[in-house]
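In terms of the working numbering, the sequence shown opens at residue 3 and continues consecutively.
In this text, a Cβ means the ideal position worked out from N, Cα and C, and glycines have one as well.
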Amino acid sequence: MAKPGDTPQTSSGAVVPPIELSTTFKREADGSFKSGYFYTRHSNPNRSQLEEALCALEYGAEAFSFASGMAASMAALLALQTGDHIVVPKECYHGTLSLIHDIFPRWGLAFSLVDMTRIDEVKAALTPRTKLIWIESPSNPCLRLSDLAAISELAHHHGAHVLCDNTMSSPLNQNPLLFGCDIVLHSTTKYINGHSDVLGGVLITRERGPLAERLRQVQVCGGGVPAPFDCWLTSRSLATLELRVRQQNSSALRVAEFLAEHGKIRQVYYPWLPSHPHYALAQKQMRGGGGVLSFQVAGGESAAKKLVANVLRIHRATSLGGVETLIEHRASMERPDTETPRDLVRMSLGLEPVQDILDDLAAALAV
Numbered sequence: 003m004a005k006p007g008d009t010p011q012t013s014s015g016a017v018v019p020p021i022e023l024s025t026t027f028k029r030e031a032d033g034s035f036k037s038g039y040f041y042t043r044h045s046n047p048n049r050s051q052l053e054e055a056l057c058a059l060e061y062g063a064e065a066f067s068f069a070s071g072m073a074a075s076m077a078a079l080l081a082l083q084t085g086d087h088i089v090v091p092k093e094c095y096h097g098t099l100s101l102i103h104d105i106f107p108r109w110g111l112a113f114s115l116v117d118m119t120r121i122d123e124v125k126a127a128l129t130p131r132t133k134l135i136w137i138e139s140p141s142n143p144c145l146r147l148s149d150l151a152a153i154s155e156l157a158h159h160h161g162a163h164v165l166c167d168n169t170m171s172s173p174l175n176q177n178p179l180l181f182g183c184d185i186v187l188h189s190t191t192k193y194i195n196g197h198s199d200v201l202g203g204v205l206i207t208r209e210r211g212p213l214a215e216r217l218r219q220v221q222v223c224g225g226g227v228p229a230p231f232d233c234w235l236t237s238r239s240l241a242t243l244e245l246r247v248r249q250q251n252s253s254a255l256r257v258a259e260f261l262a263e264h265g266k267i268r269q270v271y272y273p274w275l276p277s278h279p280h281y282a283l284a285q286k287q288m289r290g291g292g293g294v295l296s297f298q299v300a301g302g303e304s305a306a307k308k309l310v311a312n313v314l315r316i317h318r319a320t321s322l323g324g325v326e327t328l329i330e331h332r333a334s335m336e337r338p339d340t341e342t343p344r345d346l347v348r349m350s351l352g353l354e355p356v357q358d359i360l361d362d363l364a365a366a367l368a369v
């Protein structure tokens, strides 16, 4: 299995592997495909390189890449059957909730929303039809943690699978498959690509078998696969993933500590702060707090929006995991029925000097 950052051998000796844009590949005289590739919706050299590297990062058996994180999420749900039931966290990415609320009920998929940080609520939500527990840990946007090992044990005893959306953490900070989860999901748009220039998603399974086969079928037949150039760009970014995440972890902790001591901030949410309610669990199943934090501003929604409006160096934009530091009033970006506090601001730390970010926040808060 390839390791992240490995460069495949090329016939020319090029250090950087080529982009192979061809949609189709030649047959041999006997009808076989010597290269193993025959049509790029099924597989492509650039996609194979990316999937092997992501498998290694998450200690998985098979990886299935998609054109976006939402395409990957949809594929995971399409692998279920009509009449199946899933358990979903109340707090998770609003795009996931839109799939659950608006798209899949028409396909006969039932769901229960629970506080995924409470194992008793998860257990109470299980039914004979439950086939999947969907975890997002840390959650978006309040960075609550779920006990991956405990939920996996519960699900497997019940005959269900567990999927963990690991986008907020990145594979450098957390590996859910090592705690018993069956599938890990990433929007590779975020930390894995890390340059705010490529959409992508991936599902990685802990084992080969029927589940992986169903996901492969959805990937190939559905056709929502990434282009070779997108795979090439994302693979390029893996060489700097550890350096980027290490710096983003450090900067986010500095900013969280600064905000936690500021008189105009009501509450800071960051797993690596000892004040976080799941700090002990974070120390157990994570290696770093990640580059995202959120906080509630004293003075309510108007004060939160004013803070976001008054930053100068930080970018007002929606996303996370890139080299630029981003800030947003989060509830404004979510579903109308969002439970995100109206005074909450979410930040994703980039690679700028952290003192510049601290100075910008201090000035905006002073206004």
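How many Å lie between residue i and residue j at the Cα?
i    : j    : result
F27  : T169 : 34 Å
F66  : S237 : 14 Å
F113 : A368 : 45 Å
L213 : L99  : 23 Å
F35  : R29  : 5 Å
N312 : S304 : 12 Å
A4   : H158 : Reliability of the predicted coordinates at A4 is poor, the pLDDT of 49 falling under 50, and no value is obtained from them.
E54  : A81  : 22 Å
I153 : P20  : 42 Å
T190 : S139 : 16 Å
T207 : I316 : 37 Å
A77  : G290 : 29 Å
D358 : S277 : 25 Å
H197 : I137 : 26 Å
Q221 : G15  : 32 Å
D199 : M118 : 32 Å
Y193 : G324 : 6 Å
C223 : D167 : 23 Å
Round the Cβ separation of residue i and residue j to the nearest angstrom and send it over; I've been treating them as touching at under 8 Å.
i    : j    : result
R146 : H331 : Not a contact, Cβ separation roughly 20 Å.
A284 : W274 : 7 Å
T42  : P230 : 7 Å
V347 : V299 : 6 Å
L174 : L243 : 6 Å
L322 : L328 : 7 Å
N251 : E60  : Wrong, their Cβ atoms sit about 18 Å apart, outside the cutoff.
Shortest alpha-carbon distance to residue i belongs to which of the options?
i    : options                : result
A379 : G324, G352, I267       : Only positions 3 to 369 of the chain appear in this structure, which leaves residue 379 out of reach.
F297 : C166, I135, N142, I153 : N142
I105 : T132, M72, G211        : M72
Would DSSP call residue i helix, strand or coil?
i    : result
M3   : Unreliable placement is indicated for M3, whose pLDDT of 47 sits below 50; the coordinate value is still reported in the next sentence. Coil, per DSSP.
T320 : coil
W2   : The displayed coordinates of the chain run from 3 to 369. Any statement about residue 2 would go beyond what the structure contains.
S252 : helix
R268 : strand
M349 : strand
H331 : strand
D167 : strand
L217 : helix
E326 : coil
L174 : coil
V18  : coil
H160 : helix
A112 : strand
Can you pull the DSSP bridge partners for residue i?
i    : result
T98  : None, per the DSSP bridge assignment.
A65  : I206
T132 : H87
S34  : Its beta-bridge partners do not exist; DSSP assigns none.
T26  : Y41
I185 : L165, T207
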